[in-house]
Amino acid sequence: MTMVNLIARREITTRTRERSFQISVAVTLIIIVGVIIILKVVNGGTKHFDVAVSGPRSGALAAALTHAPLPDKTTVKVRTYPSSTAAAAAVHDGKADAAIDGGPTVVVKSNLDSKLQTILNSARGSVIVNQRLQQAGIDPAAVTKALNVPALSVHKLTGGGKNADAKKAIAYIGVILLYGQLIAFGMWVAMGVVEEKSSRVVELLLSTVRPWQLLAGKIIGVGLVGFAQLLLTAVVGLIVGRATDMITLQAGVIGTVLDVLAWFVLGYAFYACAFAAAGSLVSRQEELQNTVSPLSLLLVASFVLSFQAISNPGGGLAKVLSIIPPFSAMIMPPRVAAGDVPAWQIAVAVALMLVAILALVRLSARIYAAAVLRSGARVRWSEALAR
Amino acid sequence: MLEFDDVAKRYGATIALHGLSFAVKPGEMFGFVGANGAGKTTAMRIALGVLAADRGEVRWAGSPVDLAARQRFGYMPEERGLYPKMRVGEQLAYFAQLHGLSPAAAVRSAQEWTERLGVAARRDDPVEKLSLGNQQRVQLAAALVYDPEVLILDEPFSGLDPVGVDALAEVLVAKCREGVPVIFSSHQLELVERLCGSVGIINSGQLVASGSVEDLRNRSGRRLRVVVPDAQPGWADSIQGVRPISQQPPEYIFELSEDADDQAVLAAAVLTGRLEHFSRVAPTLTELFREAVSPEAAPTERQPA
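So the protein lines, in turn, are chains Z and A.
Take 1 as the starting number for the first sequence in my numbering and just add one per residue.
Take 1001 as the starting number for the second sequence in my numbering and just add one per residue.
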């Protein structure tokens, strides 16, 4: 184990010292923080409206605007002006967003926010309705009471409960991160194997360590770096999300993050072995693309299918693929995040994945040991597996 | 003692080693010479476990070499190999640790060897930034940094400048004095002749001659160098037991069999006219090598696969 430990430690120091790695960590964090802030600006922030009222109905209008039920994250402040000209001037000077005088027009500077339009329409409507009811000798309060029916409350038969939207958003981000992380660190393992082959240092290494030790040390070392980066991204994302009120840190959200991390470990174990075997077949970085492309394709397919799983977590395709390795690595986490998945399905998915990993570890160790010392022409899978 | 016992290896239809046997004693420097593709590298790689032999085994101190024993072997592969982007000092310390040194001892030893081989100033540079000659020194340091019990070096002198050659030779001699058996291969036969107590000449996967340079000379028979400017070609053909090795008029070199009479050659030389030079000569290793690997000297034909 000392050997594996030494080899893994070398991978960690070399990888984390690489400029390209440091830049990719920084870029990922900037993207995560940026996405949260953009989302916050686009649909998150509280909207505040200043309304200028004037004319004979200004008192009633002000009262209606102040007491009207407002949509979420909206506030309205009303100021009364002596004349509609003064009110319009206030709009022109930017002191108010809109001016109304009870008449059929609203004065705005250039355009009217749709939320504010709704608020103003309903306020003016209620003032006029009250007036007409009074003229007809009907008590407006009684009518209001009669019209007051609470909105339907939603009872979901399936679906993630309270934090469903936040969980779904995290599922999206999680799938994107999982994909990026699996493909990047899988490639890193493959490139590391080829680096040792092309520089011929592998001959020196294999005179003192066994092939499986070299393979295990590399996969573990690179994997720990990948896991740490993912963890850092998740923690920073959660902290920024919390600070901007975009995410409420409830059990469901944290659970989704942990789920993504756990599936990274499983998915990485699978793909890293496969990428290492693919890397051991070639002697030059230029040839690597040929042997890793089936694996990249598998990852891209999982990635595309995982979006389908987010939008329709209960669908047959999502159900089946979330259990079959290696698709499960990228399809189970969003399914869990976006909907309810029976525990047995998760258990089966994990068990199958572990079986697949065990089989692949043995297979790739064999291919690696057979191919890693063969330089020159690309080694064929069949040659590496012979004997 | 490091022993190769009947080591054989084939790659598909090509037989790389036919059953190689030789031994190197502690404190002995063994020069491994042979043409390209003769099997030197294959033999060394088998000793290091990088290749598996089809038959036979390599023993160190009486027992077959396993991974634990190889941890104590210093190895310089034919194809140089180091991590190009890793710093010199860290890389050497890493290899030292892989061969069982503690982290502190590894760092100390890496410092010591970079100083000894003249690359101490480049300790914090990545290997790829060094000149090829300096990379070679680092490569050698990587074989020495864990104080190995056996040294196996494939072409350690190729690519070194004369100063580098001297530095390396000095290190190898010092290691030998410590009682380490040293095997190295080289095409620079004068160097092998100067450094090695014994040599092995390998041809087509077989050891065709081995022993001390002195033994090989004695085995090859007496040689005469005769300079006769007036002689006609073939002037010595009729003398019993005399075989011409080199005929470049006016210089002739002959090898004499056990029962041949050198005085008969002298008499014939005098008869040709002017005799400028007549002497016994010792064959150089280069000459011995050429003879040993010449087609008629090969003991057995290469077997078709």
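Even glycine gets a Cβ: it sits at the ideal position worked out from N, Cα and C.
| Asked | Found |
| --- | --- |
| From the DSSP output, in three-state form, read off asparagine 1203 (chain A) for me. | strand |
| Closest Cβ-Cβ distance between proline 1084 (chain A) and chain Z: below 7 Å? | yes |
| Taking valine 1033 (chain A) as the reference, give the member of A:Trp1235, A:Gln1248, A:Ser1204 with the closest Cα. | A:Ser1204 |
| Tell me which residues of the region 1057-1082 of chain A have at least one Cβ-Cβ distance to chain Z shorter than 8 Å, keeping chain order. | Leu1067, Arg1070, Gln1071, Phe1073, Tyr1075, Pro1077, Glu1079, Arg1080, Gly1081, Leu1082 |
| Would arginine 19 (chain Z) count as contacting chain A if we go by Cβ distances under 7 Å? | no |
| To the nearest angstrom, report how far apart alanine 1269 (chain A) and alanine 1292 (chain A) are at their CA atoms. | 28 Å |
| Where DSSP assigns a beta bridge to methionine 1029 (chain A), which residues make up the other side? | A:Val1182 |
| For tryptophan 263 (chain Z) and proline 333 (chain Z), what's the separation of their Cα atoms in angstroms? | 7 Å |
| Determine the chain Z residues that contact leucine 1048 (chain A) at a beta-carbon separation under 7 Å, and present them in chain order. | Ser207 |
| Taking valine 1119 (chain A) and tyrosine 1083 (chain A) to be in contact with their CB atoms under 8 Å, please state how far apart those CB atoms are, rounded to whole angstroms. | So it is not a contact: roughly 16 Å between Cβ atoms. |
| Buried or exposed, going by whether 16 or more other CB atoms sit within 10 Å of the CB of tyrosine 1011 (chain A)? | exposed |
| Using the C-alpha atoms, what's the distance from tyrosine 1075 (chain A) back to alanine 1110 (chain A)? | 16 Å |
| Does any residue of chain A have a CB that is nearer than 7 Å to the CB of arginine 10 (chain Z)? | yes |
| Using the rule of at least 16 other Cβ atoms within 10 Å of the residue's Cβ for burial, across every protein chain shown, is glutamate 14 (chain Z) buried or exposed? | Looking at the sequence shown, residue 14 (chain Z) is not glutamate but threonine. So threonine 14 (chain Z) counts as buried. |
| List the residues of chain Z that alanine 1142 (chain A) touches, going by C-beta distances under 7 Å, in chain order. | Leu204 |
| Is the Cβ-Cβ distance between valine 4 (chain Z) and alanine 216 (chain Z) less than 7 Å? | yes |
| Sort A:Ala1068, A:Gln1232, A:Phe1278, A:Leu1271 by Cα distance to phenylalanine 1254 (chain A) and report the nearest one. | A:Phe1278 |
| Going along chain Z, which residues have a C-beta under 7 Å from glutamine 1097 (chain A)? | Leu6 |
| Is the region 325-344 of chain Z close to the region 366-386 of chain Z, with three or more CB pairs under 8 Å? | no |
| If we ignore side chains and look at the alpha-carbon of each, how far apart do glutamine 135 (chain Z) and glycine 55 (chain Z) end up? | 20 Å |
| Around the Cβ of arginine 1122 (chain A), are there at least 16 other Cβ atoms within 10 angstroms (buried) or fewer (exposed)? | buried |
| For the candidate residues A:Ala1231, A:Ala1052, A:Leu1132, A:Leu1160, whose alpha-carbon lies nearest to that of leucine 1275 (chain A)? | A:Ala1231 |
| Given lysine 168 (chain Z), which residues of its chain have a CB within under 8 Å of its CB, disregarding the five upstream and five downstream residues? | Gly160, Ile310, Ala337, Ala338 |
| What would DSSP say about tryptophan 1060 (chain A), mapped onto helix, strand or coil? | strand |
| One question on the structure: do valine 201 (chain Z) and glycine 1081 (chain A) come within less than 7 Å of each other, judged by their Cβ atoms? | yes |
| Determine the chain A residues that contact serine 199 (chain Z) at a beta-carbon separation under 7 Å, and present them in chain order. | Gly1081, Leu1082, Tyr1083, Pro1084 |
| For a cutoff of 7 Å on Cβ pairs, would you count tyrosine 1146 (chain A) as touching chain C? | In the displayed structure, chain C is absent; the protein chains listed are Z and A. |
| Report the CB separation of valine 1007 (chain A) from glycine 1037 (chain A) in whole angstroms; it is logged as a contact under 8 Å. | About 17 Å separates the two Cβ atoms, so there is no contact after all. |
| Which partner residues does alanine 1209 (chain A) have in the DSSP bridge list? | A:Ile1201 |
| My assumption, with CB atoms under 8 Å, is that glycine 267 (chain Z) sits in contact with proline 313 (chain Z). Please give the rounded CB distance. | Not confirmed; about 19 Å, so no contact. |
| If the criterion is Cβ atoms closer than 7 Å, does the pair serine 198 (chain Z) and serine 283 (chain Z) meet it? | yes |
| Tell me, which residues are paired with serine 1246 (chain A) by DSSP? | A:Ile1253 |
| Closest to glycine 1049 (chain A) by C-alpha separation, out of Z:Val209, Z:Val107, Z:Asp245, would be which residue? | Z:Val209 |
| Count the other CB atoms within 10 Å of the CB of valine 1265 (chain A); is the residue buried (16 or more) or exposed (fewer)? | buried |
| Start and end of the alpha helix (DSSP H) containing isoleucine 30 (chain Z)? | 19-39 |
| List the DSSP bridge partners of phenylalanine 1278 (chain A). | A:Val1226 |
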